[in-house]
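Here's the structure, in structure tokens; my notes come after.
Protein chains in written order, with our numbering: chain A, 1 to 611; chain B, 1 to 282.
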């Protein structure tokens, strides 16, 4: 057996997941890399501080009381007790990192363990744990900490452990939610079916999936821990005799009229460490969500601009030439102007420093009142062509060349204001996923009315009447009831009817439909196709329908355009293409249609007869 | 020949008390050894739930499930782990059924090691598995995201075959694939069955897919099996009004034939749900 035909570089390039090498990706972000260096530096100082202290941190030298920095034995000057500020600064690192470590370990151990069990097993443990952690969350953490210090005189380590326990709910809730999501992944089901014990599933599948967000939260907690500890020590709640940044701030604060510069050193140290933690957590988040985009180098940007510039120039210069070819191309089918004329369209995306062309030199027409099907497999560029026509390509897309004309008017390069006027009014769109294209927080009726009023000067009352009439027209039995419902209260088939009602409400001359029936059950699909056919006959609008299903083409279309890897391989009347496909690829696709394939039973019987 | 799997009057309910929703309302099916039973139905008909009940992924509320003569309706965790050697699964979505942070080698080795195989034996088995599903051996150290949908589904099939099961539950295994890939993967299923004698419970919403791979077909509607029979008969000459409707709604890639089907469909009387439920219950 040969390898799949669908192994294209594009399919692989389109994958958004960047899980491998998260760490390497992090280092590529300069802010994160710098933060990691800063933290590493402080951590090393915390470990080796006993050997690098210039003076014992509590040693008093009255001669150097409030000594100015850089001018005496004390490099950063002396404080108001005559102690070396630099030594105290260095000695404080250990306490700060200890606080961060104790806090994060306690919060992680408690929150993650409970979150994993609650998320994976649910049931009673989940209810009890959720209730308990909600209760812990309600406890005022800072007040508890202050009382611990003042009433019991606990050490910083114990106080931070308690603080870790008090903030563990945030870890619990996150881990629980993530685990519940992973729990529903099919690969976890597959592991269960394979007979893996639960602890292995949690260890191998769940923990790996949630590790990154947990790291992110640890970084956040550690930063917060250092800040809170410093805050408490600033209030004078730390252990006397142990140097800390917070206590240094208090001393400096009391001395602010004498030597204000003493505030700077502990503040800088605190600021550096806490912002490093924060920046790392932001970096981890950006890397995981793939939102961090390495800024293009200047040369690269110029290259793209040049490409765009040339495309724009080509469009203005070649306008007349294009029009000429357009008319010659259409004379065979119609002498009048086509409803939609796409010429030499090229759409590309920039990814990883190179341009990937997804639509390449695509030209075809949709005549008035004609139904054209664009058919192809994933990666054929069929949807990109429709989105380019609608002017709804994502921002990263580059329309490098070509022209799209609706009733002779060029759509490419049209300002958004004019496009808004055209979309909905002159051309309308029916999407693939009906339910995700309705806003869950508004009723069906209000969304329809909103759309109608955006396109016409109808009053609220007129728009409402039109919406109800349209719902009735698209075959909804009780329009008023559906009008008042929210999207989650209606079925997918109903939602698609609603979207079609909205699309045709303002009598567009061109309807663009992207796989409008793919998400629907077959019986519903048949009904929706009936509806589209009836509406087309009634209004005489042109329809451009994108589909992977040759059955949809056979049912609805007059003409068909077959696309592969961004290019058109064949175009013709539906009857001709089905009976006499010219291109090998079309023949292969039609050969893969299962209605023509031999049924299992018959072939088995035939084999048995031969034997 | 005794049946491999028998479900008798199987009932599955989601939720409890007032929110209880019975999804399987007494379903009875049999699958013989080396046989493919196609299960067709629309979304919400309960076909996926039947598959998950067979896999032990949802608790059974009533009725019995018998596998190779043994009652497996309510197996404990240990019994289920033992049964994993015999009943395996291929899911619909090859994008979420393979762990993105594991290499193909780890994915294929996992079930073998879980069932007590030695790492060294597992390594050679894994290479043979990839060969069986026509994937190159250098795929082993790559991640699932590096493969197309069809290739991922081949890997999922290899994972299901790893333990040499007697039955594989295939839940819409080709509906996320492109047309040309779909046919190749279906033919791989048939070829593997002929070679290993594995039985399939093949769940799909697509009548033509089921017709292509199945020996027998069961049609499901709202938690009931409404029609069962030889694949050719159910898909060419359906008896039950719901199956007739399903047949007529199935699009044909031939404009003339499709126009005929459309005329037939539009002439069918509307479905009477109560009558259907009654017919299904009997």
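The C-beta atom is built at its ideal place from N, Cα and C for all residues, glycine as well. A quick note: this is a predicted structure, and the numbers were derived from the prediction, not measured.
In three-state terms, what does DSSP make of residue i?
i, result
"residue 14 of chain B", "strand"
"residue 326 of chain A", "Summary for residue 326 of chain A: the model assigns pLDDT 41, below 50, so the residue's position carries little reliability; its value from the coordinates is reported in the next sentence. Note: residue 326 of chain A maps to helix in three-state DSSP."
"residue 132 of chain B", "helix"
"residue 120 of chain B", "helix"
"residue 220 of chain A", "helix"
"residue 401 of chain A", "strand"
"residue 215 of chain B", "coil"
"residue 514 of chain A", "strand"
"residue 75 of chain A", "coil"
"residue 346 of chain A", "strand"
"residue 4 of chain B", "coil"
"residue 351 of chain A", "strand"
"residue 204 of chain B", "strand"
"residue 22 of chain B", "strand"
"residue 102 of chain B", "coil"
"residue 319 of chain A", "Legend: pLDDT at residue 319 of chain A = 39, less than 50; position of this residue unreliable, no value from coordinates given."
"residue 225 of chain B", "strand"
"residue 232 of chain B", "helix"
"residue 310 of chain A", "With a pLDDT of only 48 at residue 310 of chain A, under the threshold of 50, the placement of this residue in the model should not be trusted; the figure read from the coordinates follows. It is helical."
"residue 611 of chain A", "Summary for residue 611 of chain A: the model assigns pLDDT 45, below 50, so the residue's position carries little reliability, and this model does not support an answer."
"residue 281 of chain A", "helix"
Who are the neighbours of residue i on chain A, taking C-beta pairs under 7 Å?
i, result
"residue 4 of chain B", "In chain order: nothing, as chain A lies at least about 17 Å away."
"residue 245 of chain B", "523"
"residue 33 of chain B", "None at all; the shortest Cβ gap to chain A is about 15 Å."
Closer than 9 Å by beta-carbon distance: list the chain A residues that pair up with residue i, in chain order.
i, result
"residue 97 of chain B", "185, 186, 187, 189, 190"
"residue 114 of chain B", "191, 194, 195, 196, 197, 200"
Just the chain B side, please: which residues come within less than 7 Å of residue i by C-beta, in chain order?
i, result
"residue 205 of chain A", "99"
"residue 570 of chain A", "Those do not exist, as residue 570 of chain A stays about 15 Å from chain B at its closest Cβ, beyond 7 Å."
"residue 240 of chain A", "By Cβ distance, chain B contributes nothing, its closest Cβ being about 49 Å from residue 240 of chain A, past 7 Å."
"residue 550 of chain A", "253"
"residue 595 of chain A", "208, 252, 253"
"residue 208 of chain A", "101"
I'd like the span of the alpha helix (DSSP H) that includes residue i, first residue to last.
i, result
"residue 259 of chain A", "Run containing residue 259 of chain A: none; DSSP gives neither H nor E here."
"residue 266 of chain B", "255-267"
"residue 46 of chain A", "30-52"
"residue 288 of chain B", "Past the edges of chain B, shown from 1 to 282, lies residue 288 of chain B, and the structure says nothing about it."
"residue 183 of chain A", "156-183"
"residue 33 of chain B", "Element bounds for residue 33 of chain B: n/a, residue is neither H nor E."
"residue 142 of chain A", "141-147"
"residue 59 of chain A", "Where residue 59 of chain A is concerned, there is no enclosing alpha helix (DSSP H), given that its DSSP letter is neither H nor E."
"residue 476 of chain A", "Here residue 476 of chain A belongs to no alpha helix (DSSP H), and DSSP marks it neither H nor E."
"residue 74 of chain B", "Careful: residue 74 of chain B lies outside any alpha helix (DSSP H) and carries neither H nor E."
Using a cut-off of 9 Å between C-beta atoms, extract the partners of residue i located in chain B.
i, result
"residue 49 of chain A", "The contacting residues do not exist; residue 49 of chain A stays about 38 Å from chain B at best."
"residue 554 of chain A", "251, 252, 253, 254, 255, 256, 257, 258, 259"
"residue 574 of chain A", "255"
At which residues does the beta strand (DSSP E) containing residue i begin and terminate?
i, result
"residue 169 of chain B", "167-171"
"residue 547 of chain A", "542-547"
"residue 63 of chain B", "62-67"
"residue 567 of chain A", "567-573"
List, in chain order, every chain B residue whose beta-carbon is nearer than 8 Å to that of residue i.
i, result
"residue 588 of chain A", "180"
"residue 526 of chain A", "248, 249, 251, 262, 265"
"residue 578 of chain A", "253, 254, 255"
Distance cutoff 9 Å, beta carbons only. Does residue i sit that close to anything in chain C?
i, result
"residue 582 of chain A", "Protein chains in the displayed structure are A and B, and chain C is not among them."
I want to verify the contact list: residues of chain A whose CB lies under 8 Å from the CB of residue i, in sequence order.
i, result
"residue 88 of chain B", "193, 194"
"residue 91 of chain B", "186, 189, 190"
"residue 161 of chain B", "Residues of chain A passing the Cβ test: none, with the nearest at roughly 12 Å."
Got a sec: does the ligand NAP put a non-hydrogen atom nearer than 8 Å to the Cβ of residue i?
i, result
"residue 155 of chain B", "Questions concerning the ligand NAP fall outside what the structure shown contains, since it holds no ligand whatsoever."
The stretch 501-517 of chain A touching the stretch 410-428 of chain A, judged by at least three CB pairs closer than 8 Å:
These segments touch.
Examine the Cβ distances between the stretch 68-80 of chain A and the stretch 32-40 of chain A and report whether three or more of them are shorter than 8 Å.
Fewer than three beta-carbon pairs drawn from the stretch 68-80 of chain A and the stretch 32-40 of chain A are found closer than 8 Å, and the two stretches are therefore not classed as touching.
Would you call the stretch 171-178 of chain B and the stretch 200-213 of chain B touching, i.e. three or more CB-CB distances under 8 Å?
In short, these stretches touch, since the Cβ pair count reaches three.
State whether the stretch 438-450 of chain A contacts the stretch 467-478 of chain A, with contact taken as three or more CB pairs (one from each stretch) at a distance under 8 Å.
Verdict: yes, contact present.
Which parts of the stretch 391-468 of chain A are runs of the beta strand (DSSP E), unbroken and 3 residues or longer, counting only runs that do not cross its ends?
Runs of the beta strand (DSSP E) inside the stretch 391-468 of chain A: 397-406, 427-430.
Can you confirm whether the stretch 402-420 of chain A touches the stretch 476-493 of chain A when touching is taken to mean that 3 or more C-beta pairs between the two stretches lie within less than 8 Å?
By the Cβ rule, the stretch 476-493 of chain A does not count as touching the stretch 402-420 of chain A, because fewer than three pairs are nearer than 8 Å.
At 3 residues or longer, what runs of the beta strand (DSSP E) sit wholly inside the stretch 479-530 of chain A?
Counting whole runs of 3 or more residues, the stretch 479-530 of chain A contains the beta strand (DSSP E) stretches 510-514.
Does the pairing of the stretch 35-44 of chain A with the stretch 270-287 of chain A give three or more beta-carbon distances under 8 Å?
Yes: at least three Cβ pairs fall under 8 Å.
If you pair each beta-carbon of the stretch 515-535 of chain A with each one of the stretch 410-421 of chain A, do three or more pairs fall below 8 Å?
Contact between the stretch 515-535 of chain A and the stretch 410-421 of chain A is absent, because fewer than three Cβ pairs lie under 8 Å.
For the stretch 245-257 of chain B against the stretch 546-563 of chain A, do three or more pairs of beta-carbon atoms, one drawn from each stretch, fall closer than 8 Å, so that the two count as touching?
Yes, the stretch 245-257 of chain B touches the stretch 546-563 of chain A.
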